[in-house]
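Data block below; observations after.
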Amino acid sequence: MNTNRRGFISSAVAGGLGVASLPLSSYGGDIRSHSAMPNDLQARYDKLDEVVKRPIFRKELFSSPVILETIELLRDRDNFLVRVRSKDGAEGIAAGHGSQNSKSWPAFKGLMNRFLGKDARELDTLVPGDSGKSGGIPFNSQVAVLEFAILDMMGNLAKKPAGELIGKIIHPMIPIYQGSRVVELRQLPPEQSLEIVKKDLLESKAKAIKLRAGGGGVLDGDNAPGRTEKLIKMARETFGDQIVLGCDGNGNYTRKGGLRIGKVLEEYNYQWWEEMVPFGQYDDLKHVKDGLKIPISTGESESYISTFRWLIANDACDIVQPDQLYFGGMIRSMKVARMAEAFGKTIVPHITQYGLGYLYMLHFISACPNAGKYQEFDLFSTRDANGNQIPIVYKSGDPIVSHDGVLKVPTGSGLGIVIDPDYVKKHKVVKDW
0 MNTNRRGFIS
10 SAVAGGLGVA
20 SLPLSSYGGD
30 IRSHSAMPND
40 LQARYDKLDE
50 VVKRPIFRKE
60 LFSSPVILET
70 IELLRDRDNF
80 LVRVRSKDGA
90 EGIAAGHGSQ
100 NSKSWPAFKG
110 LMNRFLGKDA
120 RELDTLVPGD
130 SGKSGGIPFN
140 SQVAVLEFAI
150 LDMMGNLAKK
160 PAGELIGKII
170 HPMIPIYQGS
180 RVVELRQLPP
190 EQSLEIVKKD
200 LLESKAKAIK
210 LRAGGGGVLD
220 GDNAPGRTEK
230 LIKMARETFG
240 DQIVLGCDGN
250 GNYTRKGGLR
260 IGKVLEEYNY
270 QWWEEMVPFG
280 QYDDLKHVKD
290 GLKIPISTGE
300 SESYISTFRW
310 LIANDACDIV
320 QPDQLYFGGM
330 IRSMKVARMA
340 EAFGKTIVPH
350 ITQYGLGYLY
360 MLHFISACPN
370 AGKYQEFDLF
380 STRDANGNQI
390 PIVYKSGDPI
400 VSHDGVLKVP
410 TGSGLGIVID
420 PDYVKKHKVV
430 KDW
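Under numbering that gives the first Met the number 0, the residue at position 262 of the sequence shown is numbered 261, and the numbers go up by one with no gaps.
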């Protein structure tokens with residue numbers, strides 16, 4: 000049951016996010032066709048550099064400047080919101096990453112100074128590029144929540160959803176894969192963990208599932224001998240060929256172990272093998288990719304555009320996975336999506352478990368031509384850093400629910416939601432830096 004990398008990737012790029020109803024054997028094609036990949040490495044870099052220069056924010060939707068008059072960081076204990084207002088009174092608000100924002104919130108002051116008094120239509124240049132020593136996930140998380148608040152404000156002004164500010168709406172409906180239960184899928188025996196997965200499927204109704212491999216505390220280790228191999232086999236037997244299966248290694252393997260588990264995944268027709276080697280070991284990642292047919296995905300821990308530039312130019316992965324919060328927002332993530340598209344690769348953003356990650360994913364993916372067939376979904380978790388649910392209502396009036404494993408992108412202006420004003424009032428403006 001060997002899987003077919005090029006078939007899986009090309010079907011996603013060509014067919015977009017149409018819901019799959021065909022059996023897995025329908026994924027066909029030439030697995031070693033790299034027509035989009037120039038032979039010369041420098042030519043690949045040159046092509047990517049040109050792609051990154053293209054503007055993303057649709058400035059043409061706004062006929063006059065939108066000056067950012069106030070930017071407020073709001074705090075309730077460990078949780079933070081960002082609220083922005085224009086000189087003409089337009090407003091936007093967004094929730095950031097719980098744990099990251101609570102650790103790195105002082106970095107927000109520098110961002111405020113960068114954006115205050117500027118024309119929000121120039122979001123492409125206001126959002127920092129790769130920020131050297133001051134960059135990384137903690138800084139990017141601050142950039143992201145500020146950008147989301149601005150997109151909310153600008154969408155409210157233009158009466159358009161956030162996705163329409165960074166591209167054309169291509170995917171109003173998003174098929175999902177179930178990616179929850181990180182701890183249970185590693186620590187419990189396969190029989191018990193799969194029962195939990197089946198229970199979660201009643202809520203997600205997803206047609207694709209991501210399992211977890213390894214986790215014994217050492218590279219190539221496991222919580223019990225043969226547990227991962229048994230889980231891989233049992234999941235296929237449990238869900239059959241009508242459910243797409245993928246697997247996440249979360250950096251638990253050496254290149255040798257990554258190849259070994261990858262071969263097992265291919266035997267049972269899994270459709271992607273995610274981040275099997277430790278973060279930053281890009282040569283090992285490429286080694287694993289070159290030795291397998293199953294599509295390789297990576298990128299959730301990356302914080303620099305230049306890293307994705309290397310991964311794409313050197314053909315070290317098939318699927319890129321920037322996290323909307325860790326990577327610094329939709330503008331930066333769209334640059335990665337466009338680079339991937341230029342070389343026939345797909346994008347499936349990673350979703351953090353805090354805040355409104357699924358909401359940001361929906362808006363972003365709605366405008367991505369090369370979106371993967373299924374997008375990550377961790378159930379409707381909207382916990383803030385204090386452990387409370389963020390109370391929201393959708394401007395369209397209808398809550399987002401999974402219909403046969405498909406989520407509808409919010410159609411209301413901006414982020415498409417209203418955060419409960421009483422919840423917002425509990426957050427006070429940060430004045431003591």
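All C-beta atoms, glycine included, are put in the ideal place defined by N, C-alpha and C. Quick caveat: nothing in here was measured; it's all calculated off a predicted structure.
Exclusion of the five residues before and after residue 106 leaves 138 and 141 as the residues of its chain whose Cβ lies within less than 6 Å of its Cβ.
The C-beta of residue 247 has 16 or more other C-beta atoms within 10 Å across all chains shown, which makes the residue buried. In this structure, the CA atom of residue 262 is about 7 Å from the CA atom of residue 291. For residue 211, the pairing in a beta bridge is given by DSSP as 247. Per DSSP, the continuous beta strand (DSSP E) segment holding residue 393 begins and ends at 391-393.
Contact between the segment 61-79 and the segment 391-407 is absent, with fewer than three C-beta pairs closer than 8 Å.
Per DSSP, residue 83 is one residue of the beta strand (DSSP E) stretching across 78-85.
Taking C-beta atoms as the reference points, residue 164 and residue 150 count as a pair closer than 8 Å.
Below 8 Å, enough C-beta pairs join the segment 370-378 and the segment 340-348 to call them touching: three or more. By the CB criterion at 8 Å, residue 210 and residue 244 fall inside the cutoff.
The beta carbons of residue 414 and residue 114 sit no closer together than 8 Å. With distances taken between CA atoms, residue 309 lies nearest to 281 out of 336, 294 and 281.
Take residue 299, set aside five residues on each side of it, and the residues of its chain with a beta-carbon closer than 6 Å to its own are 320, 322 and 349, in chain order. The segment 218-225 makes no contact with the segment 417-429; the number of CB pairs closer than 8 Å stays below 3. The C-alpha of residue 333 lies about 15 Å from the C-alpha of residue 306. Within a 10 Å sphere around the beta-carbon of residue 270 sit 16 or more other beta-carbons, which makes this residue buried. Taking the C-beta atoms as reference points, residue 361 is found nearer than 8 Å to residue 406.
For a cut-off of 8 Å, the C-beta gap from residue 376 to residue 191 is around 22 Å, too long to register as a contact. Counting the other Cβ atoms within 10 Å of the Cβ of residue 402 gives fewer than 16, which makes it exposed.
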